[in-house]
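Sequence positions in the sequence shown follow the UniProt record's numbering and run 1 to 166. Here the structure comes first, spelled out in structure tokens, and everything after it is commentary.
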Amino acid sequence: MEAIFQEYWEDVFSLAMSKTGNSILAGEITQDIFVSLWENRHRINLTGQLKHYLLGSVKFRVINYYKSNTVIQAHQQKFSMLLESGYEGAADEQLLYRELSSEIECAISALPDRMRAIFSKSRKEGKSNREIAAEMKISVQTVKNQTSSALKILKEKLPHLTCFFL
Numbered sequence: 001m002e003a004i005f006q007e008y009w010e011d012v013f014s015l016a017m018s019k020t021g022n023s024i025l026a027g028e029i030t031q032d033i034f035v036s037l038w039e040n041r042h043r044i045n046l047t048g049q050l051k052h053y054l055l056g057s058v059k060f061r062v063i064n065y066y067k068s069n070t071v072i073q074a075h076q077q078k079f080s081m082l083l084e085s086g087y088e089g090a091a092d093e094q095l096l097y098r099e100l101s102s103e104i105e106c107a108i109s110a111l112p113d114r115m116r117a118i119f120s121k122s123r124k125e126g127k128s129n130r131e132i133a134a135e136m137k138i139s140v141q142t143v144k145n146q147t148s149s150a151l152k153i154l155k156e157k158l159p160h161l162t163c164f165f166l
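Below, the structure written as structure tokens:
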């Protein structure tokens, strides 16, 4: 296990760092991946390369981190509370929130109708891929593909707001 860690930790950490922009978080994700690998070593049945498994784990850990810790939602709630309270000292934050919200909504509204509907159900309403598929009478894979395409488009249109779309 030590040899595996020595061989792959830098690749795993680098990818986590590039996805999060936070060295502490990247270190925690890297550590969690290797701990999980150790704990599940008897249950994991790799059919491909270990490196691909580890790098794929980074992607899922980053996504799960942002979903479970609701980092984005916490910021949105803070901005919403500031707007509702009418706090005078937060004029810059209010303006920034309105500008960001407008920019995001404009980009989302430019998505194709079906893609926009799927993306909104996923991100705004918090529905699972299965729920969306059942509601729209489409396959789960179609939901995944459309959501992935929407994220790609939004990341290209709003590269400075990528953290909102993880």
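From the three backbone atoms N, C-alpha and C, an ideal C-beta is built for every residue, glycine too. These numbers were taken from a predicted model, which means no experiment stands behind them.
Exposure of residue i, with buried meaning 16 or more beta-carbon neighbours within 10 Å
i: R41; result: exposed
i: T30; result: buried
i: I108; result: buried
i: F119; result: buried
i: L154; result: buried
i: Q146; result: buried
i: R114; result: exposed
Residue i to residue j span [Cα, whole Å]
i: V140; j: L111; result: 20 angstroms
i: N129; j: E7; result: 36 angstroms
i: I24; j: K67; result: 18 angstroms
i: L166; j: S149; result: Any reading at L166 must be qualified, since the residue scores a pLDDT of 49, below 50, and its modelled position is unreliable; the value itself is stated next. Going from the Cα of L166 to the Cα of S149 covers about 13 angstroms.
i: A26; j: D11; result: 11 angstroms
i: I4; j: V35; result: 12 angstroms
Anticipated Cβ contact below 8 angstroms, residue i with residue j, distance rounded
i: V58; j: K19; result: 7 angstroms
Task: Complete alpha helix (DSSP H) runs within the stretch 111-150 (minimum length 4 residues, chain order) - done: 113-119, 129-136
TODO: Report the residue ranges of all alpha helix (DSSP H) runs contained in full by the stretch 15-45; include only those spanning at least 4 residues, in chain order.
DONE: For the stretch 15-45, whole alpha helix (DSSP H) runs of length 4 or above, ordered along the chain, are 23-39.
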